[in-house]
Every structure is written in structure tokens, then in C-alpha cells.
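Beneath this line is the structure, given in C-alpha cells, with notes to follow.
Residue numbers (our numbering): 30 to 272.
This is how it looks when you write it as C-alpha cells:
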């Protein structure tokens with residue numbers, strides 16, 4: 030939601046197309062992620078789980094209310110983006126904005142995967158996530174890694190929000206739907222399994238589209254969550270999770 034409104038605001042004030050303002054949105058969301066960690070998360074890491082849930086839920090409510098106060102509850106749309114039209118592939122029509130957003134997401138995924146798997150900082154992030162105490166004993170600044178992880182996570186949301194703004198409406202509650210779908214994709218793919226999350230995201234998208242076509246548009250999300258519940262009951266670690 031914050032990423033989409035930031036992108037929309039850049040278009041409203043300076044007529045910056047979402048693709049042009051994408052780096053600004055990503056940078057802003059990275060700073061927001063780091064600030065969120067230092068301002069809230071680091072103080073509740075050792076608190077009971079219920080306190081952590083209330084704190085993050087309260088932050089979400091605050092951001093949604095702030096967006097509604099600043100921009101209103103109306104649905105907003107970026108008009109005349111740089112990418113428009115559609116193409117035909119074997120009789121199947123694909124919107125250019127959706128295609129560009131998909132390609133942009135794949136590029137961002139590839140860069141994130143390379144960073145996590147191939148760089149020293151990425152390996153330090155993995156070590157911190159697996160065992161904070163052991164990582165600290167090995168000389169890794171775990172506090173910095175936690176802040177960086179939150180920043181990177183928020184930056185990924187910035188990429189997604191900027192790309193979605195090309196073709197999707199912007200409104201204060203837009204984050205709720207996509208947050209649930211993102212959680213389903215991560216859970217289906219297996220927590221910590223980046224390639225599995227990508228594959229699960231494709232599965233979620235296919236189920237959503239086919240559910241809307243074959244069952245009813247109003248029930249497309251029901252089909253997604255039915256698949257999620259079945260997988261969780263049969264394989265709690267996810268489709269591609271190891272444990």
C-alpha cells in the first residue's frame with residue numbers, strides 16, 4: 030500500500046511514470062523498512078508472540094489510516110502510463126502492463142536470489158536468520174543484518190508496488206489482499222526457499238485466474254485458499270520446503 034501510494038504520489042505531483050519513479054520508491058521503502066526495525070521491531074523481538082503481532086498489526090492499521098487521511102478512500106489510477114496496449118500470443122491476449130510487471134518481478138527475483146546466495150552479505154543474512162547466536166560468535170553484526178533484512182524486504186515490496194501501479198487501482202486497503210496472497214505463496218513454497226516461493230507464486234496466480242474463469246470471478250480467491258489449506262494439512266513445510 031505504501032509503495033503504491035508513493036508511486037501514485039510521484040505521478041500526481043511530478044507526472045513521473047511508475048517505471049521511472051521505481052528506483053525512488055524502492056529507496057524510500059528500504060529506508061522505511063530499516064526505520065521500522067530500529068523504531069519498533071528490535072524492541073519487541075524478545076517479547077511474547079502476541080505482543081509482536083499487536084505491534085505489527087497496529088503499524089499496519091496506522092499506515093492504512095494515514096493513507097486514507099492523506100489521499101482519501103477513493104480508488105486512484107495512474108492515467109496514460111508509458112506501457113499500454115496488449116499483445117496476442119496464439120490467440121491469447123496479454124496486457125503489456127501486466128507483461129512488463131511480470132518481467133520486472135522476475136528481474137528483481139533474480140537479483141535478490143543472486144544477492145542472497147552469492148554475496149558475502151547475503152550469506153551473513155542467511156546465517157543470522159538460521160542461528161543468531163552462532164552468527165554473532167562468527168563475527169557477524171547480527172543487529173545490522175536484521176535491519177538490512179527488513180530494508181531489503183521493504184524494498185522488494187517497493188518493486189512490487191511500483192509495478193502494480195501501472196495497471197492496478199490504488200486505495201488504502203490494497204495491501205490487505207496482496208499481503209494475504211504473498212503469505213500464501215511463501216507458505217506454499219516453503220519458508221526460506223526462494224525458488225520455491227517463485228514457483229508457488231506462479232501456482233497461486235494460475236489458480237486465481239483459472240478459478241475466476243472456470244468457477245466464478247467472485248470465488249477466485251476462495252480457490253487459492255482452498256489449495257493453501259489442503260497443502261498445509263498434507264505437507265506443513267510447504268511444497269518445496271525441506272523441514
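From the three backbone atoms N, C-alpha and C, an ideal C-beta is built for every residue, glycine too.
ask   = Could you give the residue range of the beta strand (DSSP E) that holds residue 118?
value = It spans 115-118 - the beta strand (DSSP E) in which residue 118 sits, taken as one unbroken run.
ask   = Using the C-alpha atoms, what's the distance from residue 181 back to residue 146?
value = The alpha-carbon atoms of residue 146 and residue 181 are separated by roughly 14 Å.
query = For residue 269, which residues from the same chain have a beta carbon less than 6 Å from its beta carbon, with the 5 sequence-adjacent residues on both sides left out?
reply = Hits under 6 Å: 218, 219, 222, 225.
request  = Could you tell me the distance, in whole angstroms, from the CA atom of residue 154 to the CA atom of residue 143?
outcome  = A direct Cα-to-Cα measurement between residue 154 and residue 143 gives close to 13 Å.
ask   = How is residue 187 classed by DSSP in three states: helix, strand or coil?
value = Correct three-state label for residue 187: helix.
inquiry  = Pairs of beta-carbons, one from the segment 169-181 and one from the segment 32-43, closer than 8 Å: are there three or more?
reply    = No, because fewer than three Cβ pairs between the segment 169-181 and the segment 32-43 fall closer than 8 Å, the two stretches do not touch.
task = Measure the beta-carbon distance from residue 171 to residue 161 and round it to whole angstroms, keeping in mind my assumption that it falls under 8 Å.
result = By a beta-carbon distance limit of 8 Å, residue 171 contacts residue 161. Their separation comes to about 5 Å.
query = residue 112 by DSSP, collapsed to three states: which one?
reply = In this structure, residue 112 counts as coil in the three-state DSSP scheme.
task = Specify the secondary structure class of residue 122 as computed by DSSP and reduced to three states.
result = DSSP places residue 122 in the strand class (E or B) of the three-state scheme.
task = Select from 108, 187, 200 the residue whose C-alpha is nearest the C-alpha of residue 54.
result = Distance from the Cα of residue 54 is smallest, within the candidate group 108, 187, 200, for 187.
Test item: CB-CB of residue 89 and residue 204 under 9 Å = Contact: yes.
Range of the contiguous alpha helix (DSSP H) that encloses residue 49 = Here the alpha helix (DSSP H) through residue 49 covers 47-65.
Residue range of the unbroken alpha helix (DSSP H) whose run includes residue 262 = In the DSSP assignment, residue 262 falls within the alpha helix (DSSP H) that extends over 249-263.
key: Beta-carbon contacts of residue 201 that lie in its chain and below 7 Å, excluding the five residues immediately before and after   = Annotation for residue 201: 30, 93, 96, 97, 102 place their beta carbon closer than 7 Å to its own, counting only its chain and skipping 5 residues before and after.
Residue 174 burial status per 10 Å Cβ neighbour count (16 or more: buried) = Counting every other CB atom within 10 Å of its CB across the protein chains shown gives residue 174 a total of 16 or more, marking it as buried.
key: Assigned secondary structure, residue 107 (DSSP; H/G/I helix, E/B strand, else coil)   = Residue state, collapsed to three classes: coil.
ask   = Can the beta-carbon of residue 76 be found closer than 9 Å to that of residue 64?
value = Against a cut-off of 9 Å, the Cβ pair of residue 64 and residue 76 comes out as no contact.
Nearest neighbour of residue 105, chosen from 247, 195, 249 [CA to CA] = The option with the nearest alpha carbon to residue 105 is 195.
message = Buried or exposed for residue 213, going by 16 or more other Cβ atoms inside 10 Å?
response = So residue 213 counts as buried.
ask   = Looking at the unbroken alpha helix (DSSP H) that takes in residue 87, where does it start and where does it end?
value = Unbroken alpha helix (DSSP H) run through residue 87: 78-100.
ask   = For residue 197, which residues from the same chain have a beta carbon less than 7 Å from its beta carbon, with the 5 sequence-adjacent residues on both sides left out?
value = Once the five neighbours on either side are set aside, residue 197 has no close Cβ partner at all.
Endpoints, the alpha helix (DSSP H) within which residue 169 is located = No alpha helix (DSSP H) holds residue 169; DSSP gives it neither H nor E.
query = residue 263 to residue 253, Cα distance in whole Å?
reply = So the two alpha carbons sit approximately 16 Å from each other.
message = I'd like the list of long-range same chain contacts for residue 168, defined as Cβ closer than 8 Å, with 5 residues on each side in sequence excluded.
response = Within the same chain, residue 168 has no close Cβ partners at all.
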